[in-house]
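Asker: Chains as they are written, first to last, in this note's numbering: chain P, 37 to 755; chain Y, 37 to 755. Each residue gets a CB set at the ideal place from its N, CA and C atoms; glycine is no exception.
Protein chains: 2
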Amino acid sequence: MDTNPLHQIMRPSSVAIVGASNHLDKMGTIEYLNLVNSGFPGEVMPVHPTEKEVFGKKAYPSINDLDHAPDLAVLVVPTSLVPEMLEDFGRLGTRYAVIVTAGFKETGDSGRELEQEIVDIASRYGMRFIGPNCMGIINTELPLNISVMPLKRLNGKLGLASQSGTYVAQTLSYLYDRGVVFSKAISVGNEANIDVVDCLEYLGQDESTKAIALYLECIRRPDRFLEVAKGIDKPIVAQYVGGTQSGARSGSSHTGAMAGPDYVYDGLFEQAGVVRVDTIEELYTIGWALACQPASKGRRVGILTNSGGPGTAIANACDKLGLEVPELSETTQSRIKEYIPPHASARNPIDLTFHIDMTPMTRYIPDILLSSGEVDGLIIHGIMDTGFFSYMMPVIEKALDAKGEDILKAMELKLDRLVEMPWKYDKPIVISTFFGREDHSTRTFHESCIPTFDSPEKTAKAMYALYKYANRRFGSRPVPKEDYPVPEEAKDIMKGLIQTMDSGKIALDEYTAKRILRSYGIPTTKEMLVNSMDSALGAARSIGYPVVLKACSPEIQHKTEKGVVHINIMDESGLKEAFADIRKKVPDSSVLVSEMVKGERELMAGVTYFPGFPPCVMFGLGGIFTEALKDNVFRVAPLSEDDARSMLISISASNVLGSYRGMDPVDSDALASILVKLGYVSLHFPEIKEIDLNPIIISGERPVVADALFVVEAWNGGK
Amino acid sequence: MDTNPLHQIMRPSSVAIVGASNHLDKMGTIEYLNLVNSGFPGEVMPVHPTEKEVFGKKAYPSINDLDHAPDLAVLVVPTSLVPEMLEDFGRLGTRYAVIVTAGFKETGDSGRELEQEIVDIASRYGMRFIGPNCMGIINTELPLNISVMPLKRLNGKLGLASQSGTYVAQTLSYLYDRGVVFSKAISVGNEANIDVVDCLEYLGQDESTKAIALYLECIRRPDRFLEVAKGIDKPIVAQYVGGTQSGARSGSSHTGAMAGPDYVYDGLFEQAGVVRVDTIEELYTIGWALACQPASKGRRVGILTNSGGPGTAIANACDKLGLEVPELSETTQSRIKEYIPPHASARNPIDLTFHIDMTPMTRYIPDILLSSGEVDGLIIHGIMDTGFFSYMMPVIEKALDAKGEDILKAMELKLDRLVEMPWKYDKPIVISTFFGREDHSTRTFHESCIPTFDSPEKTAKAMYALYKYANRRFGSRPVPKEDYPVPEEAKDIMKGLIQTMDSGKIALDEYTAKRILRSYGIPTTKEMLVNSMDSALGAARSIGYPVVLKACSPEIQHKTEKGVVHINIMDESGLKEAFADIRKKVPDSSVLVSEMVKGERELMAGVTYFPGFPPCVMFGLGGIFTEALKDNVFRVAPLSEDDARSMLISISASNVLGSYRGMDPVDSDALASILVKLGYVSLHFPEIKEIDLNPIIISGERPVVADALFVVEAWNGGK
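Next up, the structure:
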């Protein structure tokens with residue numbers, strides 16, 4: 037476990053910082069001041085060529101003048117100085133560094149060379165480093181704060197690894213106002229040596245981290261990401277912003293990232309059990325909710341409010357997310373009615389209506405709800421005490437002729453019973469309030485790790501995450517077996533093919549493609565390849581009418597548009613006509629005689645390749661509307677059976693796979709097996725660059741591949 | 037214009053308030069204190085049976101003791117007292133009231149009766165009132181503040197009408213922190229007399245209101261809503277929360293609302309040019325952006341940031357919303373490069389990277405961008421001054437041995453050039469910052485009406501709204517012609533039908549349904565109804581093979597499943613076989629001989645009815661996946677041609693209507709015309725309770741209705 041270098045980097049006993057001076061307009065200075073003032077228990081050594089002291093602490097004129105090798109070196113210096121300084125630290129015996137300095141691969145070719153130089157230096161000295169082009173690291177447990185803002189709260193629960201330094205270092209006041217506290221936070225910068233996957237692994241091992249948040253512009257090692265994520269038994273939340281053209285371009289300027297499309301990342305996250313969010317606010321606040329509340333064991337949400345609008349908005353948002361807001365039993369309603377006004381509703385949402393006394397809301401009703409067995413989690417809107425009155429203060433001071441401070445003190449609610457309830461009942465509580473830290477109850481929730489949101493709808497998303505987490509990451513996520521055998525027939529076909537082809541790309545003919553599929557046990561239409569009318573007649577007899585006739589040659593794409601596909605041939609006369617027609621249009625082509633598979637449901641599957649990614653298996657709706665609807669999902673190969681099954685239920689139109697319009701449910705074992713096997717085909721033969729099985733027709737309940745396209749690429753092939 | 041009672045209610049010269057006392061734990065008292073302290077220039081008269089004075093102001097023992105009739109009566113009293121007091125005010129000559137008291141129709145049957153009682157009293161005295169079960173009204177222009185919190189800023193620009201009182205009265209501190217200020221705000225409560233549509237009309241007329249926000253749990257008069265909204269030339273933003281089961285139940289407890297499903301409201305909003313949002317935060321902040329910035333004239337967004345992560349997140353969010361983040365021209369990039377560090381990117385996003393000097397960001401670069409002609413709007417992330425340093429203060433004071441206040445004062449940025457730019461260039465600016473009002477630059481943006489968001493992604497949504505508004509609500513929105521003639525044939529068919537049917541519901545046979553459609557000029561398959569083999573043969577000859585044969589009788593539903601549909605009949609022998617088969621299965625049924633229309637694209641249309649709504653025309657994808665995909669949209673009848681066209685492009689799979697897979701584009705005039713006419717069919721014959729045209733087959737480019745179902749309901753019909 038200690039092989040991950042972050043265990044050392046995040047817990048140094050001495051830190052040298054190069055780039056701190058007595059000038060407050062330098063980032064190095066600000067980071068130095070925060071490091072010194074964070075309560076860091078170790079030694080801090082500023083290095084500066086001319087300053088004798090840096091804000092009262094002795095400065096060393098150069099790295100070589102240091103008394104001893106620091107555990108960690110921090111560089112906030114001009115770009116050109118980095119290689120030499122890193123080398124100096126290496127020579128001195130320092131093994132870990134944080135390189136804040138920018139100007140490397142994110143700037144283009146010369147920066148890329150310079151980055152390679154520091155990678156080589158580190159490798160020579162066995163050094164590991166974060167950055168370059170990063171903002172620093174935070175450990176609120178030690179504490180250690182190498183960032184541009186002070187720590188106001190320690191001992192947080194949310195671990196962050198971020199490809200944006202801002203989200204580690206410049207949002208601390210934002211997070212403080214919202215009650216979110218990091219356990220550890222790492223700005224990874226350009227990831228030249230340590231990447232976000234290393235951070236994920238470290239945060240997975242770190243005991244003080246209860247949930248992990250990732251801000252991502254790309255994942256440089258998706259296969260390793262998947263492996264690491266699957267091994268972590270904590271909620272992982274990710275925001276990925278590289279999936280659009282503009283996002284990818286911006287990310288590439290920012291950290292030199294090579295991004296991939298959203299749908300591939302969606303698949304990867306789904307497979308890895310990672311909750312994807314759309315905004316940095318959700319990354320922090322949903323991450324925080326997952327870090328500090330028990331998971332919701334079911335979909336049933338209780339909503340307690342003193343205001344109808346927010347209650348309705350929460351109920352509506354829960355419903356849209358697939359949570360339930362169950363109407364409470366008569367018994368529970370009658371217990372609640374003791375504490376609410378006569379015209380108020382106890383059905384759920386429980387709406388106390390405008391109500392000055394907060395006791396029912398902060399004590400009695402939460403207790404009734406959480407002990408009822410009728411809800412799995414509780415959302416409360418509208419608890420407030422000093423916030424309301426501090427805003428009202430000018431009016432109230434005047435009215436009462438009293439001192440504001442005394443009034444406020446008297447207003448403070450006792451919330452000690454409420455803030456214990458999530459742990460007492462093992463059910464989450466999430467708070468919605470329009471008041472910030474000026475409100476004593478909001479401050480109390482922050483300090484008690486009850487997640488607090490500044491508007492009602494956000495609580496529903498947090499509760500959904502608390503539910504989804506419980507039902508997903510506690511489930512089994514088997515790693516797919518690695519030793520799937522390569523069928524001999526497929527091996528022979530591919531070997532023969534590559535030996536005889538020129539360098540470049542070719543499409544396989546349909547017959548060959550389907551032979552490969554059948555060798556893996558993937559069901560296709562029964563078929564025979566023929567070159568004469570007589571063999572065609574024989575083939576049709578053996579397959580049985582009705583049959584399909586198609587021209588079959590790698591040269592012929594878009595067969596339907598070219599009129600060389602004849603379907604639903606009922607008898608010998610029809611076959612003769614069709615055969616003659618195909619021969620007339622493409623005289624040299626072989627002809628494929630296939631079984632005519634009937635079924636209204638058409639699906640599709642395939643394999644797609646993205647630079648830097650393992651092959652991705654695709655599954656989706658087939659048929660006429662395919663391109664218009666793009667109802668498809670992706671998973672990284674190899675797939676487990678569970679991965680494949682999750683694909684089947686992840687398409688929007690997944691209910692066509694069930695008992696749909698009087699049809700039989702699809703054999704989902706057979707369909708899932710096609711997807712799993714397709715993954716192995718792609719891994720066994722890296723020469724294959726594209727696979728499309730379209731359509732897969734559901735015949736009765738049985739999926740049958742009716743057409744298949746393989747594209748193979750070879751360089752310096754057999755010839 | 038002055039017939040809308042809100043012009044009087046929002047601008048009274050005298051207000052009597054019943055329910056204020058000297059006890060601060062009463063809502064009436066709090067509202068009274070805020071009214072008195074808001075700066076209201078008129079007379080305030082507290083009424084209380086026992087208190088002689090209420091916080092220093094003379095109280096009247098009863099309504100009848102008032103010196104004169106106040107312009108406006110405010111009632112915050114026990115439910116049972118409301119009718120008598122309203123009557124007292126009516127007798128006294130007061131014509132307007134705000135009834136804050138709850139306990140009416142939202143509580144059930146007896147409350148509903150009591151509500152009717154006050155409606156009747158008001159009607160007797162010609163009174164108009166807001167409520168009951170509301171929280172009050174705010175006019176920041178007069179000012180007038182009948183709410184539970186003080187006004188800290190006046191003369192806002194956003195008008196709000198809300199079915200939640202909280203969103204008018206209890207979010208003023210929340211809004212203050214976010215820079216949002218109401219022009220007028222109205223809590224409508226149960227809408228017993230004045231409803232949200234009246235408020236919409238009023239806010240449309242109110243000059244100080246520049247954009248309108250609506251919080252909705254239901255719309256009680258959708259037809260009038262549409263009419264009023266179409267006549268308003270200001271952006272309208274709406275949050276609707278009644279569209280789910282839980283939302284509807286909660287809303288009904290809250291304000292006795294009868295809600296409708298989301299898809300109907302989506303259609304209504306689209307038709308009315310209303311921007312729908314999902315959260316109260318968006319309602320306020322996007323409403324505010326629309327109220328105070330010029331519209332964006334195009335999709336092109338410039339992004340200026342000092343931090344890569346937020347810049348990338350904004351670019352990604354813009355892209356997902358359909359905005360563009362264009363790469364800037366070489367010329368513009370080189371002008372920008374004068375002001376940014378060498379390793380920073382000028383491509384767009386322009387990323388200054390971590391940078392202490394804010395001048396490039398607040399002055400030079402915005403000027404270059406907005407004058408370049410290359411962007412239509414600008415999003416800036418990361419401007420800050422005192423916020424950062426006030427959080428850093430403990431560290432800095434110690435380091436500099438200086439007073440915090442002096443340091444902060446010196447930090448304040450001069451932003452006067454920047455905040456003028458939106459008006460100088462007629463292009464919107466939207467700000468993203470992680471700092472709140474503790475930051476002087478955030479405060480400056482609030483006061484200068486530059487919309488400011490607390491995280492990056494939110495700015496993209498605001499910019500999208502500023503763009504969508506420009507491109508939608510400035511376009512023509514013709515009102516559909518009212519005088520569409522009722523075809524004589526349809527009139528005769530329906531008349532005959534209703535005269536002969538029993539009370540209840542019946543389905544029309546397909547032949548009759550299509551005759552009605554054809555009488556409106558809606559294209560259907562050519563067809564003839566026959567009762568003998570000979571007439572069938574004659575019909576087929578006249579229509580031309582291939583043909584379709586179907587049993588045709590109102591009693592036979594689900595014809596395909598019953599095996600009484602034979603398609604693709606090629607010749608007389610096939611026809612004879614099919615006819616015999618149908619006669620065998622349903623001996624008494626007539627048989628429909630239809631043209632066989634071929635086309636891969638199957639669509640559907642229909643009319644659906646929801647309680648309280650005019651008939652809604654539906655359009656969507658047909659075919660096998662219809663129920664699975666639910667890719668359909670709705671509009672309220674009657675439809676304009678534009679409404680119908682907007683339906684065609686609103687389905688997800690709309691590109692199948694273009695040149696799709698080598699097929700011809702659909703004749704969209706013909707398709708739109710079917711939808712418009714369908715609207716008139718439903719309006720002409722209220723007895724029709726359901727219409728389904730499924731499938732509409734696209735034959736070549738021509739839409740043809742291939743099957744049709746009408747359900748008709750009559751009470752005490754002709755028999």
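Within a Cβ cutoff of 6 angstroms, which residues of the same chain sit near isoleucine 727(Y), ignoring the five residues on either side of it in sequence?
Answerer: Counting from 1 along the second sequence, the entry for residue 727(Y) is found at position 691. Excluding positions up to five away in sequence, the list reads Gly642, Val643, Phe746.
Asker: Return yes when the Cβ of phenylalanine 425(P) is within less than 7 angstroms of the Cβ of methionine 447(P), no when it is not.
Answerer: Counted from its first residue, the first sequence places residue 447(P) at position 411. Counted from its first residue, the first sequence places residue 425(P) at position 389. Yes. Within cutoff.
Asker: In this structure, does DSSP put lysine 527(P) in helix, strand or coil?
Answerer: Counting from 1 along the first sequence, the entry for residue 527(P) is found at position 491. If DSSP states are grouped into helix, strand and coil, lysine 527(P) belongs with the helices.
Asker: Starting from glutamate 493(Y), find everything on chain P with Cβ-Cβ shorter than 8 angstroms and list it in chain order.
Answerer: Taking the first residue of the second sequence as position 1, residue 493(Y) is located at position 457. Here the neighbours are Asp314, Thr315, Ile316, Glu317.
Asker: Is the shortest distance between the beta-carbon of proline 82(Y) and the beta-carbons of chain P less than 7 angstroms?
Answerer: The residue given as residue 82(Y) occupies position 46 in the second sequence. Not an interface residue.
Asker: Note down, one range per segment and in chain order, each beta strand (DSSP E) of at least 3 residues found wholly within the region 537–581 of chain Y.
Answerer: 540–543, 563–566
Asker: Would you list, in chain order, the members of the region 342–371 of chain P that have their beta-carbon closer than 7 angstroms to a beta-carbon of chain Y?
Answerer: Ser343, Gly344, Gly345, Pro346, Gly347, Thr348, Ala349, Ala351, Asn352, Cys354, Asp355, Lys356, Val361
Asker: Assign methionine 606(P) to buried or exposed, taking buried as 16 or more other Cβ atoms, counted over all protein chains shown, within 10 Å of its Cβ.
Answerer: Against the first sequence, residue 606(P) aligns to sequence position 570. Answer is exposed; the Cβ neighbour count stays below 16.
Asker: So what's arginine 383(P) in DSSP terms, helix, strand or just coil?
Answerer: The count along the first sequence starts at 1 and reaches residue 383(P) at position 347. In the structure shown, arginine 383(P) falls within a coil segment according to DSSP collapsed to helix, strand and coil.
Asker: Would you mind stating whether lysine 494(P) and glutamate 749(P) have Cβ atoms separated by less than 7 angstroms?
Answerer: The residue given as residue 494(P) occupies position 458 in the first sequence. The residue given as residue 749(P) occupies position 713 in the first sequence. Not in contact: lysine 494(P) and glutamate 749(P) (Cβ atoms no closer than 7 angstroms).
Asker: List, in chain order, every chain Y residue whose beta-carbon is nearer than 9 angstroms to that of isoleucine 660(P).
Answerer: On the first sequence, residue 660(P) is found 624 positions in, with the first residue counted as 1. Those within 9 angstroms of isoleucine 660(P) in chain Y are Glu636, Arg637, Glu638, Gly659, Val692, Tyr696, Arg697.
Asker: Taking only three categories from DSSP, how would you classify glycine 55(P)?
Answerer: Residue mapping note: residue 55(P) aligns to position 19 of the first sequence, counting from 1. Looking at glycine 55(P) - three-state DSSP - the assignment turns out to be coil, as it is neither helix nor strand.
Asker: Got a sec, what are the start and stop residues for the alpha helix (DSSP H) arginine 260(Y) sits in?
Answerer: What you label residue 260(Y) is simply residue 224 of the second sequence in a count that begins at 1. Segment 258–266, the alpha helix (DSSP H) holding arginine 260(Y).
Asker: Look up glutamine 281(Y) in the DSSP assignment and say whether it is helix, strand or coil.
Answerer: Residue 281(Y) sits at position 245 when you count from the first residue of the second sequence. In this structure, glutamine 281(Y) counts as helix in the three-state DSSP scheme.
Asker: Would you say alanine 664(P) faces chain Y, with C-beta separation under 7 angstroms as the test?
Answerer: As a first step, residue 664(P) must be located in the first sequence, where it is residue number 628. True, the Cβ-Cβ gap to chain Y drops below 7 angstroms.
Asker: Going by other Cβ atoms of all chains shown within 10 Å of its Cβ, with 16 needed for buried, is arginine 577(Y) buried or exposed?
Answerer: Indexing the second sequence from 1 puts residue 577(Y) at position 541. When all chains shown are included, arginine 577(Y) counts as exposed.
Asker: Using C-beta distances below 8 angstroms, list every residue in its chain close to isoleucine 579(Y), excluding the 5 sequence neighbours before and after it, in chain order.
Answerer: Taking the first residue of the second sequence as 1, we reach residue 579(Y) at position 543. The answer, listed in chain order, is Lys562, Glu563, Met564, Val629, Ser630, Glu631.
Asker: Under a CB-based cut-off of 7 angstroms, is asparagine 253(P) close to chain Y?
Answerer: Stepping through the first sequence from its first residue, residue 253(P) is reached at position 217. Note that residue 253(P) corresponds to glutamate in the displayed sequence, not to asparagine. Yes, glutamate 253(P) counts as interfacial toward chain Y.
Asker: Give the interface partners of glutamate 597(P) over in chain Y, defined as CB-CB distance under 8 angstroms, in chain order.
Answerer: Locating residue 597(P) in the first sequence gives position 561, where the first residue counts as 1. Those within 8 angstroms of glutamate 597(P) in chain Y are Gly698.
Asker: Rounded to whole angstroms, what is the Cα-Cα separation between threonine 478(Y) and glycine 344(Y)?
Answerer: As a position in the second sequence, residue 478(Y) is number 442, starting the count at 1. As a position in the second sequence, residue 344(Y) is number 308, starting the count at 1. Looking at the two C-alpha atoms, the distance is approximately 21 angstroms.
Asker: Can a CB atom of chain P be found closer than 7 angstroms to the CB of lysine 755(Y)?
Answerer: The sequence position of residue 755(Y) within the second sequence is 719, counting from 1. Only weak support is given to the placement of lysine 755(Y): the predicted model assigns it a pLDDT of 49, under 50, and the value that follows is read from those uncertain coordinates. Judged by the 7 angstroms Cβ criterion, lysine 755(Y) is not in contact with chain P.
Asker: Please identify the residue among Gly162(P), Gly126(P), Glu227(P) whose C-alpha is closest to the C-alpha of glycine 172(P).
Answerer: Looking up residue 172(P) in the first sequence gives position 136. The option with the nearest alpha carbon to glycine 172(P) is Glu227(P).
Asker: I need the DSSP call for threonine 469(Y), collapsed to helix, strand or coil.
Answerer: Counting from one through the second sequence, the residue named residue 469(Y) turns up at place 433. Threonine 469(Y): coil per DSSP, three-state reduction.
Asker: With DSSP as the reference, please indicate the residues paired to asparagine 181(P) in a beta bridge.
Answerer: Looking up residue 181(P) in the first sequence gives position 145. Looking at the DSSP assignment, asparagine 181(P) forms a beta bridge with Ile174(P).
Asker: How long is the line joining the alpha carbons of alanine 744(P) and arginine 554(P), rounded to whole angstroms?
Answerer: On the first sequence, residue 744(P) is found 708 positions in, with the first residue counted as 1. On the first sequence, residue 554(P) is found 518 positions in, with the first residue counted as 1. About 11 angstroms.
Asker: I need the straight-line Cα distance from serine 676(Y) to tyrosine 301(Y), nearest angstrom please.
Answerer: Within the second sequence, numbered from 1, the residue matching residue 676(Y) stands at position 640. Within the second sequence, numbered from 1, the residue matching residue 301(Y) stands at position 265. For serine 676(Y) and tyrosine 301(Y), the distance between alpha carbons rounds to 17 angstroms.
Asker: Please tell me whether proline 258(Y) and phenylalanine 649(Y) are closer than 7 angstroms, where the distance is taken between their beta carbons.
Answerer: To locate residue 258(Y), count along the second sequence from 1; it is residue 222. To locate residue 649(Y), count along the second sequence from 1; it is residue 613. Yes, the pair counts as a contact, with Cβ atoms nearer than the cut-off.
Asker: Could you tell me which whole alpha helix (DSSP H) segments of length 4 or greater appear in the region 660–694 of chain Y?
Answerer: 662–665, 677–686
Asker: Would you list the one or two residues that DSSP bridges to cysteine 588(Y)?
Answerer: Along the second sequence, one-based indexing puts residue 588(Y) at 552. Partner residues in the beta bridge of cysteine 588(Y), as assigned by DSSP, are Ser626(Y).
Asker: From which residue to which residue does the alpha helix (DSSP H) around methionine 457(Y) run?
Answerer: Position 421 of the second sequence, counted from the start, is the residue given in the question as residue 457(Y). From DSSP, the alpha helix (DSSP H) with methionine 457(Y) extends over 452–461.
Asker: Identify every run of the beta strand (DSSP E) within the region 295–345 of chain P, keeping only runs that are complete inside it and at least 3 residues long; order them along the chain.
Answerer: 310–313, 337–341
Asker: Check asparagine 226(P) in the structure and name its three-state DSSP category.
Answerer: Here residue 226(P) is taken as the residue at index 190 of the first sequence, counted from 1. DSSP places asparagine 226(P) in coil when its eight states are reduced to three.
Asker: Measuring alpha carbon to alpha carbon, tell me which of Leu208(P), Glu306(P), Arg148(P), Gly144(P) ends up nearest isoleucine 174(P).
Answerer: Here residue 174(P) is taken as the residue at index 138 of the first sequence, counted from 1. Looking at the Cα atoms, Leu208(P) is the closest of the given residues.
Asker: Out of Met537(Y), Glu441(Y), Glu410(Y), Asp437(Y), which one is the CA nearest neighbour of aspartate 421(Y)?
Answerer: As a first step, residue 421(Y) is located in the second sequence; it is residue number 385 there, counting from the start. Nearest of Met537(Y), Glu441(Y), Glu410(Y), Asp437(Y) to aspartate 421(Y), Cα basis: Glu441(Y).
Asker: Between which two residues does the beta strand (DSSP E) holding lysine 725(Y) run?
Answerer: Indexing the second sequence from 1 puts residue 725(Y) at position 689. Segment 724–735, the beta strand (DSSP E) holding lysine 725(Y).
Asker: Do you know whose CA, among Lys439(P), Tyr320(P), Gln593(P), Ser735(P), lies nearest arginine 214(P)'s CA?
Answerer: What you label residue 214(P) is simply residue 178 of the first sequence in a count that begins at 1. Per the Cα distances, Tyr320(P).
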